[in-house]
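These notes concern the structure reproduced below.
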Amino acid sequence: MLIKNNDIWFSEYYAEDDVKLSLKISEILHTEQTPFQKLQIFRNDTFGVFMVLDGYTQVTEKDEFIYHDMICHPAFCVNPDIKKVLIIGGGDGGTVREVSRYKTVEKIDMVEIDEAVVRACQKYLPLTSSVLDKEPRLNLIFDDGLKFVKEAPEGAYDLILVDSTDPAGPGEGLFTVGFYEDCYRVLSDKGILINQHEGAFYDSDVEEMKKAHVKIKKTFPIAKVFGYTLPTYASGYWYFGFASKSLDPVADMKPEVWKQFGLKTKYYNIDLHKGAFALPNYVQDILDSVSI
Ligand code: AG3
Numbered sequence: 006m007l008i009k010n011n012d013i014w015f016s017e018y019y020a021e022d023d024v025k026l027s028l029k030i031s032e033i034l035h036t037e038q039t040p041f042q043k044l045q046i047f048r049n050d051t052f053g054v055f056m057v058l059d060g061y062t063q064v065t066e067k068d069e070f071i072y073h074d075m076i077c078h079p080a081f082c083v084n085p086d087i088k089k090v091l092i093i094g095g096g097d098g099g100t101v102r103e104v105s106r107y108k109t110v111e112k113i114d115m116v117e118i119d120e121a122v123v124r125a126c127q128k129y130l131p132l133t134s135s136v137l138d139k140e141p142r143l144n145l146i147f148d149d150g151l152k153f154v155k156e157a158p159e160g161a162y163d164l165i166l167v168d169s170t171d172p173a174g175p176g177e178g179l180f181t182v183g184f185y186e187d188c189y190r191v192l193s194d195k196g197i198l199i200n201q202h203e204g205a206f207y208d209s210d211v212e213e214m215k216k217a218h219v220k221i222k223k224t225f226p227i228a229k230v231f232g233y234t235l236p237t238y239a240s241g242y243w244y245f246g247f248a249s250k251s252l253d254p255v256a257d258m259k260p261e262v263w264k265q266f267g268l269k270t271k272y273y274n275i276d277l278h279k280g281a282f283a284l285p286n287y288v289q290d291i292l293d294s295v296s297i
């Protein structure tokens, strides 16, 4: 439906619902209540096509490169030998797109709980999803990621990327100790877990960040957090967690090896990788405040 004359806006509410970010909708492309969540796809003239789940913006054509660069490339710079990758969630395909740029990766299993998200993105967001139809190393599974990891064999993956929604809704179980313990078990010795780690500015996001951090710290000897700017996420600054059994995300970087991949990235680079792990004091204080 093309919108003329009347202004229609999508707003994501923050804090006590007294702050919001609004994008003017130029076209409503898709709205659906799936068995798991409310799925909406709109167009905004500045941000392009964007997907919203349960009221929270997940991807926009304009800024998705930031998120997908940062969920993927730091891990490959720390362990360039990653061969087997598990992606949990990530229905828009952007994470698969970045992982599949590494020709050395042998297998990508992607476990998405909500097939409707994939199908809608295939129709309206080819920028992220077109890889899903053409990547021969991809095994696309529609299932509960929590259950999948529980049943996966020990040491089966070198990298797990948790490309999830926020902890309320279908993503909830992906923020539990049991899930992280299963991730630890299915990761190889040099295995890395990257997870969607929420924001640190608004109180409700801080609570979720703390809850995730304490559980990951309990499970992995190395548990760090790194930031990235994302204009359409609350406060514009958002985080991923980096957890591993043995590798430090900065001390164990292999920039010269990573450069050999010859990948052109729009956001990620080596200096930015180091800088992303340098956290503002208020964020470091939040992380330090959780005790295990
Ligand atoms: N998944 C991360 C969603 C976090 C958004 N949270 C929010 N806006 N409060 C994005 C999926 C990209 N592949």
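Per the numbering used here, the very first residue in the sequence shown carries number 6; after that it's consecutive. Backbone N, C-alpha and C fix where the C-beta goes; we use that ideal spot for every residue, glycine too. All of these numbers come straight from a predicted model, not from anything done at the bench.
If you draw a straight line from the C-alpha of residue i to the C-alpha of residue j, how long is it?
| i | j | result |
| --- | --- | --- |
| G196 | Y19 | 35 Å |
| Y107 | N200 | 20 Å |
| F245 | K112 | 23 Å |
| F41 | D59 | 9 Å |
| I221 | F206 | 20 Å |
| C126 | V64 | 10 Å |
| K215 | I13 | 36 Å |
| L292 | N11 | 45 Å |
| L28 | D171 | 20 Å |
| A248 | P158 | 19 Å |
| V262 | N84 | 9 Å |
Quick one: what's residue i bridged to in DSSP?
| i | result |
| --- | --- |
| K43 | Q38 |
| N144 | D114 |
| K229 | F247 |
| V211 | BP columns for V211 are empty, so no partner. |
| D168 | G94 |
At a cut-off of 7 Å, is residue i close to the ligand AG3 when judged by its beta-carbon and the heavy atoms of the ligand?
| i | result |
| --- | --- |
| V104 | no |
| S169 | yes |
| Q265 | no |
| G160 | no |
| V64 | yes |
| D97 | yes |
| A121 | no |
| A281 | no |
| Y238 | yes |
Considering only their Cβ atoms, is the gap separating residue j from residue i smaller than 8 Å?
| i | j | result |
| --- | --- | --- |
| L130 | D97 | yes |
| K269 | C82 | no |
| V255 | F225 | no |
| K25 | E37 | no |
| D148 | V90 | no |
| E66 | V54 | yes |
| P3 | D68 | Given a span of 6 to 297 for the chain in the structure shown, any question on residue 3 remains unanswerable. |
| V110 | V101 | no |
| Y242 | G280 | no |
| R48 | I30 | yes |
Quick one: does the C-beta of residue i sit closer than 7 Å to a heavy atom of the ligand NAP?
| i | result |
| --- | --- |
| T234 | In the structure shown, the ligand NAP is absent; the only ligands present are the ligand AG3. |
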